[in-house]
Amino acid sequence: MSRNVKFAIVLFSALLMVPLWGCPKPRPVPPPDIDLNQVNEAFHMSKGVTFSSWMHNFEQLVNEIYLKDDVVFVSARRPRIGKLSLRGYVDRDGVLGYKPGADKLLFRIEQYRGSHRFSYRLYDGNGWLYKRDYYRRSGAGTFLAYAFLSAALWRPYYTPRRRLVVIRRYRRTYRKSPKFAARRKRFSSYRKSTRKARRSAYRKSRRSRRRSRRSSRRSRYRSGRSRRSGGKW
Numbered sequence: 380m381s382r383n384v385k386f387a388i389v390l391f392s393a394l395l396m397v398p399l400w401g402c403p404k405p406r407p408v409p410p411p412d413i414d415l416n417q418v419n420e421a422f423h424m425s426k427g428v429t430f431s432s433w434m435h436n437f438e439q440l441v442n443e444i445y446l447k448d449d450v451v452f453v454s455a456r457r458p459r460i461g462k463l464s465l466r467g468y469v470d471r472d473g474v475l476g477y478k479p480g481a482d483k484l485l486f487r488i489e490q491y492r493g494s495h496r497f498s499y500r501l502y503d504g505n506g507w508l509y510k511r512d513y514y515r516r517s518g519a520g521t522f523l524a525y526a527f528l529s530a531a532l533w534r535p536y537y538t539p540r541r542r543l544v545v546i547r548r549y550r551r552t553y554r555k556s557p558k559f560a561a562r563r564k565r566f567s568s569y570r571k572s573t574r575k576a577r578r579s580a581y582r583k584s585r586r587s588r589r590r591s592r593r594s595s596r597r598s599r600y601r602s603g604r605s606r607r608s609g610g611k612w
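Residues in the sequence shown are numbered consecutively from 380, following our numbering.
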């Protein structure tokens, strides 16, 4: 099964999770703001001997990937349940950390199983599940080789304001390189590859909504006939 077909199935399944009768009409699935293929690769490529250095490296890579002028902020923490929760977003309110409804979410990564070789889900900024994968970095010298031994090593990370100057300066230089041109080409191909899946998911959700409405009308009609006749149906 191709990746596009899998993506369409995931989108359609997510749409079916919402009751269709009495809800707003299904909206077209918006195009991605960032190349999630490259984000997933960056998550595997980045590493560090501390959680902070790991997030710094990942942060730099996603700012290479994002093609717009905004800086991509990273907010990452490990709640009491022991699962990594990471957000990549554009800051809109100037407040430390990601704020739903205020900041623009680009992607999120949620760990759901394992410790230093853990499984995770990657979602886009609209909540669509893009990929299930597992983090493979477990060698000596990396943070995850021993981080599971101590919760103190998992202090929350938020992009500090002082890093913005460094990120912008680095990105200005990076965007003059051939590597950036290659990233732009990859993003264009990636965006086109999701177009068919997004359209398919939208059409299927509309058909499901119509079927649900017809079924609901038939149920109300039968219920009305039963009450008028005083009998059972």
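A virtual CB, placed ideally from N, CA and C, is assigned to each residue, including glycine.
Predicted model only: the values in this text are computed from it and were never measured.
Q) Where S425 and I488 are concerned, what is the direct C-alpha to C-alpha distance, given to the nearest angstrom? A) About 14 Å.
Exercise. Tell me whether R466 sits in a helix, a strand or coil according to DSSP, three-state version.
Key: R466: strand per DSSP, three-state reduction.
| query | Opposite R511 in the DSSP bridges: which residues? | reply | BP columns for R511 point to R500.
message = Quick check: what's the CA-CA separation for R492 versus Y514?
response = Straight-line Cα distance between these residues: approximately 11 Å.
- request: Pull up the DSSP beta-bridge partners for F452, would you.
  value: Bridge partners of F452: Y468.
- Message: Please classify N442 as buried or exposed, where buried requires at least 16 other C-beta atoms within 10 Å of its C-beta.
- Response: That one is buried.
Local conformation of I413 per DSSP, three classes: Looking at I413 - three-state DSSP - the assignment turns out to be coil, as it is neither helix nor strand.
Length of the line joining the Cα atoms of W433 and G427: Computed Cα separation, rounded: 4 Å.
Report, in whole angstroms, the separation of the C-beta atoms of F430 and Y536, which I expect to be a contact under 8 Å. In this structure F430 is in contact with Y536, their Cβ atoms being roughly 6 Å apart against a cut-off of 8 Å.
- Message: Taking its Cβ as the centre, do 16 or more other Cβ atoms sit within 10 Å of L528, making it buried, or is it exposed?
- Response: Bear in mind that the predicted position of L528 carries a pLDDT of just 43, short of 50, making it unreliable; the figure below should be weighed with that in mind. Exposed: under 16 other Cβ atoms inside 10 Å.
message = For D512, tell me which candidate among E420, I413 and P409 has the shortest Cα-Cα distance.
response = Answer by Cα proximity: E420.
- Query: If we ignore side chains and look at the alpha-carbon of each, how far apart do S572 and L440 end up?
  - Reply: Going by C-alpha positions, S572 is about 22 Å away from L440.
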